Amino acid sequence: MPVLEITQLHLRGITADDPALLHTLSVVRDKLQTNSQFYVSVEEPDLIFILGIWPNLDAHLNFLASPAREEILGPQEDLLEFRWTIHVEFGSIHLIPADAPILAMERMRIEGERVESVNRAVTKHVQHLKASHSFNVAHGWRCDLALGDHEVLLISGWETAQAHVTFANRRNDDNDSIVAGCEGFKTLGVVYVKNLECKAT
């Protein structure tokens, strides 16, 4: 199954709106053919996120272990400091609501015996989101964790970060959030990001 790579990078001596950054990222995208999208954090503008699709987890891991990694990624290391990467089972990059002004990326960790009940709750939550606004919503399970560990990623599109906060608070007040009634569940946080290429046009 295709895998979505999400990598967080810290900017070094360059700002997110510098054309040199987008050029550097685009060169790597063209070489890797991952259909990557580039986002900047709303709350911490010195953090950017690369979202790209690989045929499977091994394809990305094999690249990282190959000499091609240094050849392709080496030139950008003066501008970008690696922070972390996660991999999520994901059908297509086109599931991401790239047309939205803001993406909310929410990570949730689940105990093994709760996976099925949480999966049902996430599916219900996604359906509610799709019915409540026009931007797409997608989710997937991490595929790079140790056996017995489980984490789900939810990506949704919004007009503003505050719109998502308001929506989440309203659902919590109504006891209708994903967490409601689900033990063994922990929200790891929400990141709000803007598309770098939309910003540049």
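Under numbering that gives the first Met the number 0, the sequence shown has 60 at position 61, and the numbering climbs by one with no breaks. We put the beta carbon where it would ideally sit given N, CA and C, even for glycine. Computed from a predicted structure; not experimentally measured.
Sequence-distant Cβ neighbours of residue 62 in its own chain, meaning closer than 7 Å and more than five residues away, are 68. With respect to the 9 Å criterion, residue 164 and residue 38 are not classified as neighbours on the basis of their beta carbons. Residue 98 and residue 18 have their alpha carbons spaced roughly 21 Å apart. In the DSSP assignment, residue 6 forms a beta bridge with 49 and 84.
Per the Cβ contact rule, the region 145-165 is in contact with the region 100-108 (3 or more Cβ pairs under 8 Å). Residue 44 and residue 64 do not touch by the CB rule: their CB atoms are close to 32 Å apart, not below 8 Å. Looking at the backbone, the Cα of residue 136 and that of residue 84 are separated by about 21 Å.
The beta carbon of residue 188 sits closer than 8 Å to the beta carbons of 105 and 106 from its chain, once the five residues preceding and following it are set aside; these are given in chain order. Straight-line measurement puts the Cα of residue 132 at about 13 Å from the Cα of residue 100.
With fewer than three CB-CB distances shorter than 8 Å, the region 71-78 does not count as touching the region 111-124.
Taking 3 residues as the shortest admissible run, the region 71-126 contains the following complete beta strand (DSSP E) segments, listed from N- to C-terminal end: 79-88 and 101-109.
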